[in-house]
Amino acid sequence: MENLPRDIALDIFSRLPITSFLQIKSVCRTWRALSQDPSLPTMFQARANERNPSLILHCDSPILNKLCFVGYDQGQPGHYSNKVLKIDARLKLTMPEYHLVGSCNGLLCVADAFYYDPVCIFNPFTSDYIELPKTHHHTQQEVALGFGYHSITMEYKMVRVVYYGTIRRDLILRRWSEHSEVQIFTLGTDAWRSLGSIRWRLDQRPSEAMVNGALHWVTTRHKGRRGARLHIISFDLAEEKFKEIVRPGCGSLDICNFHLLVLGESLSAAICQTDGGLEIWVMKVYNVRESWTKDYIIGAYVPASVENRQVNPNSRIWKYSTLSKRLANEVVCVLKNGEILLEYESGALVLYNPYEEEFKKLVISGLPKWFATLTHVDSIFSLEAALKIKL
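Residue 936 is where the sequence shown starts when you use the working numbering, and the numbers rise one by one after that.
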């Protein structure tokens, strides 16, 4: 390696898995110096974007939260690492219980599990970590969160939509009155900004899809209002405006059978069927109703490891966890080889081959009993550098 031209050595380093890259610093002084080359983070990020994503597993049990990492095995197409690595998230100092909000360009966002405040942004593979300023708490509030990056403005933004209520007492009746406030924090600044209210009632699940520079949520019902139709709502991070996005024409949808995701660069929707199967719809042209296409139909399947598992929905771990807000079956991503990664019952990862219509459960040592899965693009950028680089 020492005899190789510098540009070739850097190219080799940029192709390493993140776990291998972190080890090269301790091999020798030459490798350590190369690993600190200012051009390497950009090269590494470009390579990471070309590969299948890594996985972040958020586990809420047995007592305190923990984050785990599963890397993709580049030498084995369609294979993830057979071992889970625990991430030292440095979060116990500020929030022993937290929700995993999202991952963007190698940065993870988490929020306090009970009040959604404070919010922390960090790179799980470096020591970079920031806690955003706290906001005002209301006695009764619900919060929808989103975290994303806009390539035009080159800004990372945190979005909080707070719904808070009051009980108005008339002469006879008690009436529930709900208000909302949209709060924005741009990384690199020092204060939250208020954008006023929003007319939609977003579900408390964090934004599930970042497409076209916009975060996307699904709606739920307002308290005290009867049946409301489910909508898809976007928030453009550059314009800082909400708008409604056309839904797929797949019949009745509700918050219990439907979730958003990104396939390729397209907004997509996974719909759980009553028999346990899944349909995946993809919007080929953004916000054009006719472009929604049913690309995949996945039959019912239950991994043996979760078939007879029981959960107490009243337990503290389940009631306040991210897992309680997830669907029974969720689509995680589609791999480069066309296989679909699925999460079943928050306890098993399964690869589905749509060409052969076959399921293959991933066997991973150290996999938590309960977890929520998030795709993650590995990065070696420092937090300070990430705020200055156009990606």
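For each residue, glycine too, the CB sits at the ideal point set by N, CA and C.
| Check | Outcome |
| --- | --- |
| Cβ neighbour criterion (16 or more within 10 Å) applied to His1114 | exposed |
| CA-to-CA distance, Ile1232 to Ser955, given in whole angstroms | 37 Å |
| Under 8 Å between C-beta atoms of Asp1023 and His1014 | no |
| Reduced DSSP secondary structure (H/G/I, E/B, other) of Glu1200 | coil |
| Three-state secondary structure assigned by DSSP to Ile953 | helix |
| Under the three-state DSSP convention, the category Ile1315 falls into | coil |
| Inter-residue spacing [alpha-carbon to alpha-carbon] between Ala1235 and Thr1209 | 9 Å |
| Per-residue burial, His1071 [other beta carbons within 10 Å of its own, 16 or more giving buried] | exposed |
| Strand pairing of Ala1307, partner residues [DSSP] | His993 |
| Within 8 Å, strictly: CB atoms of Glu1143 and His1194 | yes |
| Beta-carbon spacing of Lys1092, Leu1213 below 8 Å | no |
| C-beta atoms of Ala1307 and His993 nearer than 8 Å | yes |
| Nearest-angstrom Cβ-Cβ length linking Leu1302 and Asn1058, presumed shorter than 8 Å | So it is not a contact: roughly 23 Å between Cβ atoms. |
| Residue span of the alpha helix (DSSP H) that contains Glu985, given as start and end | 975-985 |
| Closest Cα partner of Gly1041 within the set Tyr1099, Leu1284, Arg950, Ser989 | Ser989 |
| Whole-angstrom distance between Arg1136 and Leu975, CA atom to CA atom | 43 Å |
| Close-in-space but distant-in-sequence residues of the same chain around Gly1211 (CB under 6 Å, 5 per side omitted) | Ala1235 |
| Inter-residue spacing [alpha-carbon to alpha-carbon] between Val1181 and Asp1313 | 32 Å |
| Cβ neighbours of Tyr1255 in the same chain (closer than 6 Å, five flanking residues each side left out) | Confidence at Tyr1255 is low in this model, with a pLDDT of 41, below 50, so the placement of that residue should be treated as unreliable; the coordinate-derived value is given next. For Tyr1255, where only same-chain residues beyond five positions count, the Cβ hits under 6 Å are Ala1048. |
| Reduced DSSP category for Glu1280 - H, G, I as helix; E, B as strand; rest coil | coil |
| As assigned by DSSP and simplified to three states, the class of Glu1292 | coil |
| Endpoints, the beta strand (DSSP E) within which Thr1228 is located | 1227-1233 |
| Residues near Phe1082 by beta carbon distance below 7 Å, same chain, minus five either side | Val1036, Gly1037, Cys1039, Cys1044, Met1093 |
| Where Asp942 falls, given that 16 or more other Cβ within 10 Å makes a residue buried | exposed |
| Check whether Asn1264 and Cys1207 have beta carbons under 8 Å apart | yes |
| Ser1169: first and last residue of the uninterrupted beta strand (DSSP E) it sits in | 1167-1171 |
| When Gln971, Ala944, Pro952 are compared against Lys960, the one with the closest alpha-carbon | Gln971 |
| Inter-residue spacing [alpha-carbon to alpha-carbon] between Lys1296 and Ser1240 | 9 Å |
| Same chain, Cβ closer than 6 Å to Cys1003, five either side skipped, listed in chain order | Leu992, Val1019, Lys1021 |
| Cutoff 7 Å; reference Val1334; Cβ partners in own chain excluding five residues on either side | This structure cannot speak to residue 1334, because the chain is shown only from 936 to 1326. |
| Outcome for Asp1125 when other beta-carbon atoms lying within 10 angstroms are tallied against a minimum of 16 | exposed |
| Top-ranked residue by Cα proximity to Ala1283, from Pro1238, Gly1100, Cys1268 | Pro1238 |
| Cβ neighbours of Ser1226 in the same chain (closer than 7 Å, five flanking residues each side left out) | Met1218, Lys1219, Val1220 |
| Cβ-based neighbour list, Glu1066, same chain, cut-off 7 Å, excluding 5 preceding and 5 following | Thr1029, Pro1053, Cys1055 |
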